[in-house]
Amino acid sequence: MGEEITFDEIKAIAEALIFVSDIPLSINKINEVLDMVDIATLKSAILQLQEEYGDGKKGVQIIEVANGYKMCTRNDYSDYVTKLFTHRKKAKLSAQALETLAVIAYKQPVTKPEIEEIRGVNIIGVLKTLLDRNMIKILGKKDAVGRPVLYGTTREFLEYFGLKDLADLPTLKDFSEFDLGENKNEAEKPGETTESDVPDGDIIEETGREDDSGRTDNS
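According to full-length UniProt numbering, the residues represented by the sequence shown are 1 to 219, in order.
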């Protein structure tokens, strides 16, 4: 941009960028677009925006999540938003996936054998699901016999659970029970299947190994 811009313009541009972005925007990313605006000034502008949207009179708010800023609807009006998107359910994680994700979140960096030792089951199918959903990522390899792969959580993980960073992780019990009540209470009509009904981790990649669902692949 080059030319000097006013504080109100900085605030308006930041608001526009946060609004159109489908992922949380970091201060550095917003600053990159604004072309080297003073970071302290930018933070002040965003804080002012948060205060304006947080006065309780608006239907949306600006929150800090996954080390960035995101515009979302207020919880007070979630019932109305849900009615609008009745048929567009967010794909949920199964109990098996949540339990595995909890272990990774609290123990990272952690290997597959270490996770399986804690959970007591083969989790290769669940790992594939979590990798496909961008909930976890490969961090490298452990300096041990066999050089096993190390896993950790991603930015998408923070966004999914509405966390600012890993320091905001809830207790292990609360994390493991996340959204399970809703999954259990959702009644489907006979013969209907939703994404929630298909267990994550049913994909078996090792012959003769048992997965989280208790099935064994004999092919």
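For each residue, glycine too, the CB sits at the ideal point set by N, CA and C.
Inter-residue spacing [alpha-carbon to alpha-carbon] between residue i and residue j
| i | j | result |
| --- | --- | --- |
| residue 130 | residue 21 | 24 Å |
| residue 65 | residue 46 | 14 Å |
| residue 141 | residue 150 | 5 Å |
| residue 110 | residue 146 | 14 Å |
| residue 158 | residue 24 | 10 Å |
| residue 17 | residue 143 | 42 Å |
| residue 164 | residue 63 | 9 Å |
| residue 203 | residue 4 | Bear in mind that a pLDDT of 31 at residue 203, under 50, signals an unreliable position, so the number given afterwards is only what the model happens to contain. Cα to Cα, residue 203 sits roughly 56 Å from residue 4. |
| residue 162 | residue 13 | 24 Å |
| residue 137 | residue 107 | 14 Å |
| residue 11 | residue 126 | 43 Å |
| residue 197 | residue 58 | Here residue 197 scores only 36 on pLDDT, less than 50, and its place in the model is too uncertain to base an answer on. |
| residue 112 | residue 120 | 11 Å |
| residue 39 | residue 33 | 12 Å |
| residue 128 | residue 169 | 23 Å |
| residue 37 | residue 166 | 28 Å |
| residue 35 | residue 51 | 25 Å |
| residue 101 | residue 135 | 8 Å |
| residue 78 | residue 7 | 33 Å |
| residue 69 | residue 132 | 25 Å |
| residue 97 | residue 139 | 19 Å |
| residue 229 | residue 9 | For the chain, the structure presents residues 1 to 219; residue 229 sits outside this window and is missing. |
| residue 19 | residue 26 | 13 Å |
| residue 116 | residue 124 | 9 Å |
Host alpha helix (DSSP H) of residue i (start-end)
| i | result |
| --- | --- |
| residue 69 | Unbroken run through residue 69 is the beta strand (DSSP E), 68 to 73; no alpha helix (DSSP H). |
| residue 47 | 39 to 53 |
| residue 93 | Looking at the DSSP string, residue 93 is not in any alpha helix (DSSP H), and its letter there is neither H nor E. |
| residue 25 | Looking at the DSSP string, residue 25 is not in any alpha helix (DSSP H), and its letter there is neither H nor E. |
Distance CB(residue i)-CB(residue j) smaller than 9 Å
| i | j | result |
| --- | --- | --- |
| residue 155 | residue 67 | yes |
| residue 31 | residue 49 | no |
| residue 152 | residue 104 | yes |
| residue 81 | residue 71 | no |
Bounding residues of the beta strand (DSSP E) (the contiguous stretch that carries residue i)
| i | result |
| --- | --- |
| residue 64 | 60 to 65 |
| residue 77 | Careful: residue 77 lies outside any beta strand (DSSP E) and carries neither H nor E. |
| residue 6 | Careful: residue 6 lies outside any beta strand (DSSP E) and carries neither H nor E. |
| residue 158 | Counting along the chain, residue 158 falls outside any beta strand (DSSP E), though it belongs to the alpha helix (DSSP H) covering 155 to 160. |
CA nearest to the CA of residue i, picked from the options
| i | options | result |
| --- | --- | --- |
| residue 92 | 50, 10, 160, 11 | 160 |
| residue 74 | 135, 11, 53 | 53 |
| residue 99 | 84, 77, 79, 122 | 122 |
| residue 55 | 19, 169, 76 | 76 |
(message) Which complete alpha helix (DSSP H) runs does the segment 113 to 138 hold, if anything under 4 residues is left out?
(response) 124 to 132
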